[in-house]
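Residue numbers (my numbering): 1 to 207.
Backbone N, C-alpha and C fix where the C-beta goes; we use that ideal spot for every residue, glycine too.
Right, one structure below, let's go through it.
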Amino acid sequence: MRVAAGDSYAAHIAEASQRFGIPQEWIVAVKRAESNDDARAVSSAGALGLMQILPKTWAELRARYGLGSDPFDPRDNIIAGTAYLREMLDRYGTVPAMLAAYNAGPARYEEYLATGRSLPVETRAYVALLAPALGSAVPFDEPRTALWQPTDWREAPLFVARAGDRPPAAGRSPTGLPPLVPVQTNSVAGSQATPIFLTRRAGEGPQ
Numbered sequence: 001m002r003v004a005a006g007d008s009y010a011a012h013i014a015e016a017s018q019r020f021g022i023p024q025e026w027i028v029a030v031k032r033a034e035s036n037d038d039a040r041a042v043s044s045a046g047a048l049g050l051m052q053i054l055p056k057t058w059a060e061l062r063a064r065y066g067l068g069s070d071p072f073d074p075r076d077n078i079i080a081g082t083a084y085l086r087e088m089l090d091r092y093g094t095v096p097a098m099l100a101a102y103n104a105g106p107a108r109y110e111e112y113l114a115t116g117r118s119l120p121v122e123t124r125a126y127v128a129l130l131a132p133a134l135g136s137a138v139p140f141d142e143p144r145t146a147l148w149q150p151t152d153w154r155e156a157p158l159f160v161a162r163a164g165d166r167p168p169a170a171g172r173s174p175t176g177l178p179p180l181v182p183v184q185t186n187s188v189a190g191s192q193a194t195p196i197f198l199t200r201r202a203g204e205g206p207q
């Protein structure tokens, strides 16, 4: 999947990809799955815009990355969503884990890792649909015969597997993408102090 030159969001996607080292194809796939390209989309849970970001997460991301005040602004929403994808990828190390944490939230995904409590059906279906589109196999806990192709990601009863424990090679993230260099910034009120990823090491561009 390539970003079409005529796509009204192509420039924003290219900017986000360059800034955070997330392939453009990934951004497009997540955007389409989340909102079907509706910049004014609001989910039943209150998630906002093209990348369907919850208000609390939006507030943290906009402060962290210097974004505007409107969560429905296409550029800022795409930048925020891509930044969040990158944070989840760097934290958990695999595409399925990134997608599961993006959809369910990192706290719920970490509960799954710690206790084995099944992820929500919606999250498992989301991973089952998107991971292949992002070039990743879908780990799951059920027999291969249980794998079926849903018409809607909300229908697929599949499980995402836990992220592996193998450490990455020096200078690489667990996915093979170059890691981002943490930079110091003011922490968001009420959030945990975690590294904020903004820039790459010199000489390393996005994949």
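| Check | Outcome |
| --- | --- |
| Taking buried to mean at least 16 other C-beta atoms within 10 Å of its own C-beta, is Glu77 buried or exposed? | Inspection of the sequence shows that residue 77 is occupied by Asn rather than by Glu. When all chains shown are included, Asn77 counts as buried. |
| Name the two residues that bound the continuous alpha helix (DSSP H) containing Arg64. | Pro55 to Tyr65 |
| Helix, strand or coil: which one does DSSP assign to Tyr84? | helix |
| From what residue to what residue does the alpha helix (DSSP H) around Val121 run? | Val121 to Ala133 |
| Tell me the DSSP secondary structure of Val138 in three-state form. | coil |
| In this structure, does DSSP put Leu48 in helix, strand or coil? | strand |
| Enumerate in chain order the residues of its own chain whose CB-to-CB distance from Ile22 is below 6 Å, with the five nearest sequence positions on each side excluded. | Thr82, Leu85 and Arg86 |
| May I ask you to list the residues that DSSP assigns as paired with Val28? | Answer by DSSP bridge pairing: none, since Val28 is not bridged. |
| Taking the alpha helix (DSSP H) that Pro106 falls in, what are its first and last residues? | Pro106 to Thr115 |
| Counting Cβ pairs closer than 8 Å, one from the region 60 to 69 and one from the region 36 to 43, do we hit at least three? | no |
| Excluding five sequence neighbours on each side, which residues of the same chain lie with their C-beta closer than 6 Å to the C-beta of Arg19? | none |
| From Glu25 to Gly116, what distance separates their C-alpha atoms? | 31 Å |
| Is it buried or exposed for Asn36, if we count other Cβ within 10 angstroms and need 16 for buried? | exposed |
| Going by C-alpha to C-alpha distance, which of Gly68, Arg75, Arg108 and Thr123 sits closest to His12? | Arg75 |
| Are Ala131 and Leu99 touching if we call contact CB-CB under 8 Å? | yes |
| Are there 16 or more other CB atoms within 10 angstroms of the CB of Lys56, so buried, or fewer, so exposed? | exposed |
| Within 10 angstroms of the Cβ of Ser17, are there 16 or more other Cβ atoms? Answer buried if so, exposed if not. | buried |
| Quick one: Cα of Ala14 to Cα of Pro120, how far? | 32 Å |
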